[in-house]
Every structure is written in structure tokens, then in C-alpha cells.
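Q:
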Amino acid sequence: MDRHEFKKKVVDYAYSIGIDEIGFTHAEPFLEFKEKLIDYHKRGYASGFEKGTAAERTEPELSLDSAESIISIAVGYPNKMPDAPKSRKGERRGLFARASWGVDYHTLLNQRLSKLEAYIRELDPRVETRSMVDTGVLSDREVARRSGLGYIGKNGFVINPNLGTYSYLGEMITSFPFPPDEELIDSCGDCNLCVDRCPTGALMGNGQLDSQKCISFQTQTKGFLPDEYRSKIGNRLYGCDTCQQVCPRNKGINTDHHADIELEPEVLKPELTGLLEISNKDFKGTYGHLAGVWRGKKPIQRNAIIALAHYKERDSIDVLKRVAENDQRPVIKGTAYWAIGRILQSEALEYINERYIIEADEEVKREMLKGVQEAV
Ligand code: SF4
Ligand code: SF4
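Residue 18 in the numbering used here sits at position 18 of the sequence shown, and the numbers go up by one each step.
1. Candidates 297, 201 and 206: which alpha carbon is nearest residue 212's?
2. Cβ of residue 323 within 7 Å of any heavy atom in ligand 2?
3. Which residue spans inside the segment 285-351 form an unbroken alpha helix (DSSP H) run of at least 4?
4. Below 7 Å, is the gap between the Cβ of residue 216 and the nearest heavy atom of ligand 1?
5. Return no unless some Cβ of chain C is closer than 8 Å to the Cβ of residue 266.
6. My output table needs one value for residue 362: the three-state DSSP class, helix, strand or coil.
7. Indicate the three-state DSSP secondary structure (helix, strand or coil) for residue 160 in the structure shown.
8. Which one of 327, 340 and 358 has the shortest CA to CA distance from residue 373?
9. List the DSSP bridge partners of residue 26.
10. With burial defined as no fewer than 16 other Cβ atoms inside 10 Å of the residue's Cβ, what is the status of residue 313: buried or exposed?
11. Does the beta-carbon of residue 202, which I'm using as the reference point, lie nearer than 7 Å to any heavy atom of ligand 1?
12. Using the C-alpha atoms, what's the distance from residue 26 back to residue 179?
13. Under the DSSP definition of a beta bridge, which residues are partnered with residue 377?
14. Compare the C-alpha of residue 5 against each of 37, 162, 177 and 111 and name the closest.
15. With distance defined between alpha-carbon atoms, name the residue in 276, 271, 130 and 107 nearest to residue 70.
16. Going by the DSSP bridge assignment, what does residue 130 pair with across the sheet?
17. Going by DSSP, which residues form a beta bridge with residue 238?
18. Apart from the five residues just before and just after residue 192, which ones in its own chain have a Cβ nearer than 8 Å to its Cβ?
19. Quick check: what's the CA-CA separation for residue 7 versus residue 260?
20. Got a sec? Which residues, its chain only, sit under 8 Å from residue 266 by beta carbon, not counting five neighbours each side?
21. So is the beta-carbon of residue 193 under 7 Å away from any non-hydrogen atom of ligand 2?
22. Compare the Cα-Cα distances from residue 23 to each of 183, 101, 168 and 65 and report the closest residue.
23. Do the segment 49-60 and the segment 107-126 touch if we need at least three Cβ pairs shorter than 8 Å?
24. Please state whether DSSP places residue 43 in a helix, a strand or coil.
25. Beta carbon of residue 242: closer than 7 Å to some heavy atom of ligand 1?
26. For residue 316, which residues from the same chain have a beta carbon less than 6 Å from its beta carbon, with the 5 sequence-adjacent residues on both sides left out?
27. Do residue 156 and residue 207 have their C-beta atoms closer together than 8 Å?
28. Quick check on this structure: which residue in 355, 143 and 125 has the alpha carbon closest to the alpha carbon of residue 73?
29. Is residue 79 near ligand 1, with its Cβ less than 7 Å from a heavy atom?
30. Would you list the residues sitting across from residue 88 in a DSSP beta bridge?
31. Can you give me the C-alpha to C-alpha distance between residue 128 and residue 1, rounded to a whole angstrom?
32. On the premise that residue 90 lies in contact with residue 304, defined as a C-beta separation below 8 Å, what is that separation, rounded to the nearest angstrom?
33. Rounded to the nearest angstrom, what separates residue 140 and residue 147 at their Cα positions?
34. I need the straight-line Cα distance from residue 285 to residue 297, nearest angstrom please.
Pasting the structure below:
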């Protein structure tokens with residue numbers, strides 16, 4: 001079959017299985033991106049969640065010997081939640097970032113990529129493929145950019161004319177030389193909104209992100225949240241959408257036509273105190289399908305405690321005291337004591353002082369002292 005005809009069939013099939021955008025690029029190394037990656041690591045911007053060496057991340061042939069082309073796919077996701085429950089006094093709520101709304105996007109994209117692989121092999125059984133989503137070594141964003149799906153904005157996201165920044169990206173390396181698409185020539189121009197509005201100054205203004213400063217990264221760590229981010233995290237349980245929400249390129253876009261992206265308002269915007277004493281089994285049953293819980297229950301609970309402190313939620317004091325006294329994990333215990341100090345201020349002094357005398361864990365004691373400082 002002619003290369004162009006083969007490509008057209010693949011494109012048509014992709015649209016029929018719920019892929020919103022598809023683009024093609026050659027499988028040559030990503031040389032410019034390799035330089036950026038090296039610079040990114042040198043500057044200490046990496047999150048530590050990245051996979052593979054700079055060579056593996058930029059040379060498709062290291063993932064598939066016979067690599068000739070790469071197919072990039074994008075599936076848009078909604079950014080508006082109908083019937084979102086209100087966060088009100090006595091019932092404060094946290095929020096999962098939009099990329100975590102609905103079934104885990106790794107599952108969603110892998111299902112579509114598997115179907116696409118099967119279809120390609122049906123057309124030509126000799127074609128070899130290797131698909132990856134997020135956890136693979138190639139950069140989903142860089143592949144998407146070179147495949148013409150969009151340009152990379154100052155917020156670091158691929159901006160597609162139809163989906164804006166709200167899309168899941170995945171790719172497939174293939175041994176068939178599909179004709180490549182043109183890169184999209186576009187830019188943010190004079191706009192600098194995401195850089196200006198980022199609560200922690202994590203965006204460098206050139207599409208580069210200092211992951212260590214980014215709240216999205218910080219919500220996913222398992223230790224104590226560094227002090228400087230505790231007042232910035234707000235009610236975020238996982239991720240941060242600010243640099244996408246302010247982006248004018250997302251105006252009027254809300255991709256909500258995928259039946260397999262089902263929004264569960266009570267799960268995605270949960271009542272905070274209900275998270276603090278939840279069992280592992282119940283947590284897994286209610287939240288286990290979300291991409292946002294890939295680091296487990298602890299970071300979500302830690303963030304929920306910080307969110308209660310953010311709201312100065314006095315109605316949560318009883319549960320915070322139970323958690324501080326009974327939870328065995330220093331991060332949760334210590335953060336709870338800190339939150340009690342922050343919420344009750346001087347009224348917390350006597351309680352924290354009494355508990356300090358009988359507390360044995362040094363990390364928890366350090367947080368208790370911080371709680372006292374919040375209180376004076
Ligand atoms: S996700 Fe939030 S913290 Fe991170 S760069 Fe965007 S606005 Fe800043
Ligand atoms: S907010 Fe403005 S500067 Fe930032 S990505 Fe969107 S268009 Fe670009």
C-alpha cells in the first residue's frame with residue numbers, strides 16, 4: 001500500500017476510536033531537545049520522576065531498533081465539572097487537578113494505542129510498533145510538537161488549536177516510514193499570563209519549568225511539604241491547573257465528548273475531613289482509579305490537612321487532634337499538629353505543649369514547634 005494511503009487509513013481509524021488529534025514525525029533523534037534536557041538537569045529543574053537517560057529519551061531507535069516514524073496522539077479531557085459540590089464552612093473540599101479527572105489516562109490512552117497497533121498490523125503484519133504513555137522514555141510533549149499537534153507554550157504544555165492544553169498525549173514508534181506532518185508554527189506572542197500567575201514562580205518564561213518549585217510536583221512528594229509551599233498549595237490535593245486555567249488559548253474549549261471520561265464530582269472534589277481517617281481499602285476503592293493517587297494515600301492526606309489549615313477550618317479540629325495523636329506516620333502526625341497551631345492560633349498553645357512532652361518522634365516535634373510558632 002502507498003505510504004500516504006496507509007497514513008490516511010490510520011488517521012481515519014484513529015478518529016473512529018476516540019483519538020481527537022493524530023500527527024506523524026520521523027524517528028530521527030531529538031537533538032535540540034537533548035540539549036534542553038541536559039541544561040534542565042544541570043539547572044536542577046528535574047522532578048526526579050523522569051524516566052531514562054538523555055540518550056534514551058531522545059533517540060527513538062534505542063526503544064525500537066527498526067524505528068522509522070513516530071505517531072503522536074492526543075485525547076482531550078474536560079476542564080469543567082458540572083454539578084461540582086460547593087466547598088463551604090463545615091464541609092471544606094479539596095480538588096484533584098483536571099488531568100486526573102476520570103479513569104487513569106494511562107489506561108485510557110493505552111487502550112486506544114493498542115487498538116491502533118492492532119489495526120496497523122491488520123493492514124500490514126510486518127510493521128513493528130512500540131507504544132508509550134507518560135511512563136515511556138520519549139517526551140510525549142516533544143513528540144507531539146514535532147508531529148504538528150501543537151506548539152509548546154510558556155506554561156510548558158502542548159497547545160493544540162482544538163484542544164488547548166487540556167489533552168492526554170501518547171505515542172507509538174513504528175517501523176513503517178509514514179510521511180511526517182509539518183510542525184505547527186505558532187507562539188504565545190506577548191502573552192505572559194501563566195508566568196505571571198504561577199503562585200511559586202516555577203515557570204521560566206521559555207517553556208521551561210523548575211519542577212522543584214512547581215506545586216503540581218510538590219503535591220506528589222511523600223515527605224513533609226516544605227514550609228514555603230504550605231501557604232501556596234490552597235485546597236489542591238493533587239496537581240495544579242493555574243497555568244492552564246489562565247491560558248487564553250483554552251478559552252471556549254471543554255472537551256467533554258468521551259464516554260469513558262466519567263466525572264465523579266464527590267470523588268474529584270472530596271470533603272477533606274473524610275480523607276484523614278479513611279482505611280486503605282476504602283481509599284483504594286474510592287480513589288484507586290485516579291491517576292492522581294499514583295503516589296498512594298499519604299500525599300493526598302498530607303495535602304488535605306494543609307488544605308484544612310488553609311481554610312482555617314475550626315470544625316476539623318477534633319479529627320485533626322485524633323490524627324495527630326493516633327496516626328503512626330510522622331508526616332501525617334506532624335502536619336496535623338502544625339495545622340492545629342495554624343487554625344487555633346494562641347488557643348492551640350496549651351494543647352501542643354502538653355503533647356510535646358510525651359511525643360518521641362523528632363520530626364513530629366519539629367512540626368509541633370512550627371505549630372507553636374503559628375500560634376504566637
Ligand atoms: S502547575 Fe501551578 S505551580 Fe506548576 S507551573 Fe503551573 S501554575 Fe506554576
Ligand atoms: S498563558 Fe499566555 S504565555 Fe502562557 S501558555 Fe498560554 S498563551 Fe502562552
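Yeah, the Cβ is synthetic: ideal placement off N, Cα and C, and Gly gets one too.
Since the structure is predicted, the reported quantities are computational estimates derived from the model, not experimental observations.
A: Walking through what the data contain:
1. Walking along the sequence shown from the start, residue 212 turns up at place 212. Relative to residue 212, the option among 297, 201 and 206 whose CA is nearest is 201.
2. Position 323 of the sequence shown, counted from the start, is the residue given in the question as residue 323. Placement of the Cβ of residue 323 at a distance of 7 Å or more from every heavy atom of ligand 2 is found.
3. Those alpha helix (DSSP H) runs which fall completely within the segment 285-351 and span 4+ residues are 297-311, 317-326 and 330-344.
4. Numbered from its first residue, the sequence shown carries residue 216 at position 216. Yes, the beta carbon of residue 216 sits closer than 7 Å to at least one heavy atom of ligand 1.
5. Going by chain labels, chain C is absent from the structure shown, which holds only one protein chain.
6. Here residue 362 refers to the residue found at position 362 of the sequence shown. Residue state for residue 362 is assigned as helix, using DSSP reduced to three classes.
7. The residue given as residue 160 occupies position 160 in the sequence shown. When DSSP states are grouped into helix, strand and coil, residue 160 belongs to the strand group.
8. The residue given as residue 373 occupies position 373 in the sequence shown. Residue nearest to residue 373 within the set 327, 340 and 358 is 340 (criterion: CA-CA distance).
9. Working through the sequence shown from its first residue, we reach residue 26 at position 26. Note: residue 26 is bridge-paired with 69 in the DSSP secondary-structure output.
10. The residue given as residue 313 occupies position 313 in the sequence shown. The residue is buried, with at least 16 neighbouring Cβ atoms inside 10 Å.
11. As a first step, residue 202 must be located in the sequence shown, where it is residue number 202. Yes, Cβ of residue 202 sits closer than 7 Å to a heavy atom of ligand 1.
12. Start at 1 with the first residue of the sequence shown, and residue 179 comes out as number 179. Start at 1 with the first residue of the sequence shown, and residue 26 comes out as number 26. The alpha-carbon atoms of residue 179 and residue 26 are separated by roughly 8 Å.
13. Residue numbering for the chain in the displayed model covers 1 to 376; residue 377 lies beyond these limits and cannot be assessed.
14. Indexing the sequence shown from 1 puts residue 5 at position 5. The shortest C-alpha separation from residue 5 is found at 177.
15. On the sequence shown, residue 70 is found 70 positions in, with the first residue counted as 1. If we check each option's Cα against that of residue 70, 130 comes out closest.
16. Taking the first residue of the sequence shown as position 1, residue 130 is located at position 130. According to the DSSP secondary-structure assignment, residue 130 is paired through a beta bridge with 173.
17. Along the sequence shown, one-based indexing puts residue 238 at 238. Per DSSP, 96.
18. Along the sequence shown, one-based indexing puts residue 192 at 192. Excluding positions up to five away in sequence, the list reads 154 and 205.
19. In the sequence shown, residue 7 corresponds to position 7, counting from 1. In the sequence shown, residue 260 corresponds to position 260, counting from 1. For residue 7 and residue 260, the distance between alpha carbons rounds to 26 Å.
20. Translated into positions along the sequence shown, residue 266 becomes position 266. Apart from the 5 residues on each side of it in sequence, residue 266 sits with its Cβ closer than 8 Å to the Cβ of 85 in its chain, given in chain order.
21. As a position in the sequence shown, residue 193 is number 193, starting the count at 1. Residue 193 Cβ: within cutoff of ligand 2.
22. Within the sequence shown, numbered from 1, the residue matching residue 23 stands at position 23. The shortest C-alpha separation from residue 23 is found at 183.
23. The segment 49-60, when compared against the segment 107-126, does not touch it at the 8 Å Cβ threshold.
24. One-based indexing of the sequence shown puts residue 43 at position 43. In the structure shown, residue 43 sits in coil (DSSP, three-state: anything other than H, G, I, E or B).
25. If you number the sequence shown from 1, residue 242 lands on position 242. Under cutoff, so the answer is yes.
26. Reading the sequence shown from its first residue, position 316 is the one you call residue 316. Excluding residues within five positions, the ones whose Cβ falls inside 6 Å are 273 and 308.
27. Along the sequence shown, one-based indexing puts residue 156 at 156. Along the sequence shown, one-based indexing puts residue 207 at 207. Judged by beta-carbon spacing, residue 207 lies within the 8 Å limit of residue 156, meaning their Cβ atoms are closer than that value.
28. On the sequence shown, position 73 is the one that residue 73 refers to. Residue 73 has its Cα closest to that of 143, out of 355, 143 and 125.
29. Here residue 79 is taken as the residue at index 79 of the sequence shown, counted from 1. No, the beta carbon of residue 79 sits no closer than 7 Å to any heavy atom of ligand 1.
30. In the sequence shown, counting from the first residue as 1, residue 88 sits at position 88. According to DSSP, residue 88 bridges with 91.
31. Walking along the sequence shown from the start, residue 128 turns up at place 128. Walking along the sequence shown from the start, residue 1 turns up at place 1. One alpha carbon belongs to residue 128, the other to residue 1, and they sit about 16 Å apart.
32. The residue labelled residue 304 in the question sits at position 304 within the sequence shown. The residue labelled residue 90 in the question sits at position 90 within the sequence shown. Not really, about 15 Å apart at Cβ, beyond 8 Å.
33. Locating residue 140 in the sequence shown gives position 140, where the first residue counts as 1. Locating residue 147 in the sequence shown gives position 147, where the first residue counts as 1. Cα-Cα distance, rounded: 10 Å.
34. Within the sequence shown, residue 285 is the residue found at index 285, counting from 1. Within the sequence shown, residue 297 is the residue found at index 297, counting from 1. Their Cα atoms are separated by approximately 12 Å.
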